[in-house]
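Residue numbers (our numbering), protein chains in the order written: chain A, 2 to 168; chain B, 2 to 168; chain C, 2 to 168. Virtual Cβ for every residue (Gly too), placed ideally from N, Cα, C.
Structure representation (C-alpha cells):
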C-alpha cells in the first residue's frame with residue numbers, strides 16, 4: 002500500500018468528505034455534495050472508511066469480501082450500492098426502492114448515477130487503510146477509479162485548508 | 002425556486018450545519034450548536050436536507066406532506082418535531098419523552114424552545130432543493146422563517162471560510 | 002463547572018471532534034482520527050456530548066450513572082466502552098466482538114487501546130455541560146484525563162481556525 006499524497010492545486014477550493022456510513026440516504030448525501038462541489042470547481046476528496054467502503058466495491062451485488070470467515074460474515078451485509086439500506090425507515094428493504102423511484106420520477110440523479118458523475122467530474126476517491134485491514138479488503142476489491150489507499154495522517158494532509166465533513 | 006445568495010458579513014465568524022438527520026437527539030445537537038454560536042455573535046446557517054427537513058415543517062403533528070402517494074408514505078413517518086425519534090434508544094417512542102422531561106426538569110431548553118431561540122437569534126434556515134423535489138415538498142410547507150431554497154453549490158458558497166458540520 | 006479556555010498553540014494545526022455517538026464503530030472512528038492527527042503533531046480537541054459521554058466514563062461496565070431514576074434508565078444502556086453497540090450490524094451484541102476480534106487478529110489497535118493512546122498523545126478531552134446536566138452526570142464520573150466541562154461557546158472558541166467534525 003502506498004501513501005503518496007497527490008499534487009494539490011492551491012488555487013482551488015476544497016471539500017473533503019469522510020464517508021463512514023453505508024446507508025443509502027447518507028451515501029446519496031455524500032455524492033450529491035461531492036458532485037455539486039466538483040461541478041462548481043472544487044477539488045473534492047472522499048475518504049471511504051468502514052461501511053462507506055461498500056460504495057466503492059468493484060462488484061455490485063452480494064459479493065463475498067475479503068479473506069477468512071469473519072470478513073465474509075460482514076461481506077454478506079455489505080453487498081454494494083444496490084443493497085445499501087436507508088438509515089432510518091428501512092421497512093423490509095423497501096425504502097431504498099422508494100427513494101430510487103422518487104428520484105427517477107422527479108428527474109433527480111440516482112445514487113449509481115451520482116457515483117458515475119463523481120468519477121466523470123474527477124472527484125478523488127481514497128480508501129481507508131485501517132478499515133481495509135479490519136475488513137480484509139484489498140485495493141483490487143475496489144472500483145479502478147479509487148486513487149489510493151491512505152492512512153489518517155495522509156488524509157488530514159490532503160484535506161488541509163478546506164472544509165471537511167464526516168458523513 | 003430562487004438561488005439568491007444572501008449578503009454575508011465578512012467580519013463575523015461563521016458556523017454552517019447540514020442538518021440531515023430527523024432524530025430528536027441529533028436535531029437537539031443542531032439547534033444547541035446553532036443557538037450557542039449565534040449567541041456569541043456567529044453567523045449561523047443551517048441547510049436542512051432529507052429527514053432534517055422535518056424540523057422546519059410548518060405544521061407539527063402527522064401532517065400529510067407533498068403530493069402523490071409515495072411522498073405521503075414518507076410523510077406519515079416525518080411528522081414534525083413532536084414525533085422525532087431518538088437515534089439510539091427509542092423504546093416504543095419513550096425516549097424523546099424522557100429527554101423532554103429531563104430537559105424540563107433540569108432547566109435545559111427543549112427542542113421546540115431551541116428552534117424558537119434560533120429564530121429569535123437570526124439563525125439562517127435554508128431548505129435543500131434536491132431533497133424537497135425527492136420528497137415532494139414546497140417552500141410553503143415550511144416555517145415562514147425559512148429564508149430560501151438552495152442547491153448544494155449555493156450552500157457551499159454560503160459556508161465558505163467558516164466551520165461546516167454534517168449532523 | 003468552569004469554562005476556562007485552555008491556552009492554544011497558534012503554530013499547531015488543529016482538529017476538533019464533537020463526539021456525539023456512543024456507537025462502537027463511530028467511537029473507533031473518533032479515536033482513530035484523534036490519535037492519527039495527534040501523532041503527526043496536531044492539537045486535537047474532543048468534545049464529548051450525549052451518547053459520546055459514555056466513552057469517557059470512569060468505570061467501565063454497566064455502572065449506574067447520575068442521580069435519580071430516569072438518568073439511571075439511560076445509564077443501563079450507557080455502560081461504557083465494553084458495551085458500546087455498533088451503529089449498523091448489531092446482531093445480539095455480536096458485532097463489537099467481531100470487530101474487536103478482527104482488530105486484534107489484524108494487529109489494529111482496539112478501541113480501549115486507542116483511548117489509551119489518545120491520553121498518551123495529549124489529546125484534549127472535554128465534556129459537554131448541557132448533556133451532563135440532562136443526563137445527571139458530574140465531572141467526577143469521568144476519566145481523570147477529562148480536562149474540563151465546556152459549553153458550546155467555549156468549544157467553538159477552542160475549535161476556531163481548524164477542522165471540526167461531528168461524529
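8 Å Cβ cut-off: residues of chain A touching residue i
{"i": "residue 160 of chain B", "result": "164"}
{"i": "residue 167 of chain B", "result": "30, 166, 167, 168"}
{"i": "residue 38 of chain C", "result": "153, 154, 157"}
{"i": "residue 16 of chain C", "result": "157"}
Partner residues on chain F for residue i, Cβ-Cβ distance less than 7 Å
{"i": "residue 131 of chain C", "result": "Considering every chain present, this structure includes no chain F. Its protein chains are A, B and C."}
Supposed close pair residue i, residue j - CB separation, criterion 8 Å
{"i": "residue 125 of chain C", "j": "residue 45 of chain C", "result": "7 Å"}
{"i": "residue 16 of chain A", "j": "residue 38 of chain A", "result": "4 Å"}
{"i": "residue 168 of chain B", "j": "residue 21 of chain B", "result": "7 Å"}
{"i": "residue 150 of chain B", "j": "residue 104 of chain A", "result": "So it is not a contact: roughly 18 Å between Cβ atoms."}
{"i": "residue 85 of chain B", "j": "residue 25 of chain B", "result": "4 Å"}
{"i": "residue 32 of chain A", "j": "residue 122 of chain A", "result": "That pair is no contact at about 10 Å."}
Endpoints, beta strand (DSSP E) assigned at residue i
{"i": "residue 149 of chain C", "result": "147–151"}
{"i": "residue 165 of chain B", "result": "164–167"}
Among the options, the one whose alpha carbon lies nearest that of residue i
{"i": "residue 117 of chain B", "options": "B:98, B:159, B:144", "result": "B:144"}
{"i": "residue 1 of chain C", "options": "C:148, C:157, C:54, C:160", "result": "In the structure as shown, chain C starts at 2 and stops at 168, and residue 1 of chain C therefore has no counterpart that could be examined."}
{"i": "residue 27 of chain A", "options": "A:110, A:99, A:53", "result": "A:53"}
{"i": "residue 142 of chain A", "options": "A:111, A:99, A:58, A:32", "result": "A:58"}
{"i": "residue 99 of chain B", "options": "C:106, C:123, C:137", "result": "C:137"}
{"i": "residue 19 of chain C", "options": "C:162, C:101, C:43, C:51", "result": "C:51"}
{"i": "residue 43 of chain B", "options": "C:88, C:166, C:153", "result": "C:153"}
{"i": "residue 129 of chain A", "options": "A:31, A:35, A:47", "result": "A:47"}
{"i": "residue 35 of chain B", "options": "C:139, C:113, C:156, C:127", "result": "C:156"}
{"i": "residue 115 of chain C", "options": "C:13, C:146, C:29", "result": "C:29"}
{"i": "residue 159 of chain B", "options": "B:132, B:131, B:127", "result": "B:127"}
{"i": "residue 1 of chain B", "options": "C:131, C:146, C:165", "result": "Residue 1 of chain B cannot be examined here, being either before or after the span of chain B that is shown, 2 to 168."}
{"i": "residue 14 of chain C", "options": "A:96, A:161, A:88", "result": "A:161"}
Proximal chain A residues relative to residue i, where beta-carbon distance stays under 9 Å
{"i": "residue 41 of chain C", "result": "153, 154, 157, 158"}
Partners in chain B for residue i, counting only beta-carbon separations shorter than 8 Å
{"i": "residue 135 of chain C", "result": "100, 103, 104, 107, 109"}
Chain-ordered chain B contacts of residue i [CB-CB under 7 Å]
{"i": "residue 49 of chain A", "result": "None at all; the shortest Cβ gap to chain B is about 15 Å."}
Partners in chain C for residue i, counting only beta-carbon separations shorter than 9 Å
{"i": "residue 56 of chain B", "result": "Within chain C, no residue comes near residue 56 of chain B; the closest Cβ sits about 16 Å away, beyond 9 Å."}
{"i": "residue 26 of chain B", "result": "21, 51, 52"}
Residues that residue i contacts on chain C, provided the C-beta gap is smaller than 7 Å
{"i": "residue 21 of chain B", "result": "Simply none; closest approach about 10 Å."}
{"i": "residue 115 of chain B", "result": "By Cβ distance, chain C contributes nothing, its closest Cβ being about 10 Å from residue 115 of chain B, past 7 Å."}
Endpoints, the alpha helix (DSSP H) within which residue i is located
{"i": "residue 15 of chain C", "result": "First-last for residue 15 of chain C: 15–20, but that is the beta strand (DSSP E), not the alpha helix (DSSP H)."}
{"i": "residue 128 of chain B", "result": "No alpha helix (DSSP H) contains residue 128 of chain B, which is instead part of the beta strand (DSSP E) from 125–129."}
{"i": "residue 48 of chain A", "result": "Taken as a continuous stretch (DSSP letters only), residue 48 of chain A belongs to no alpha helix (DSSP H), being part of the beta strand (DSSP E) at 44–49."}
{"i": "residue 31 of chain C", "result": "25–40"}
{"i": "residue 55 of chain C", "result": "First-last for residue 55 of chain C: undefined, no H or E at that position."}
{"i": "residue 116 of chain B", "result": "112–121"}
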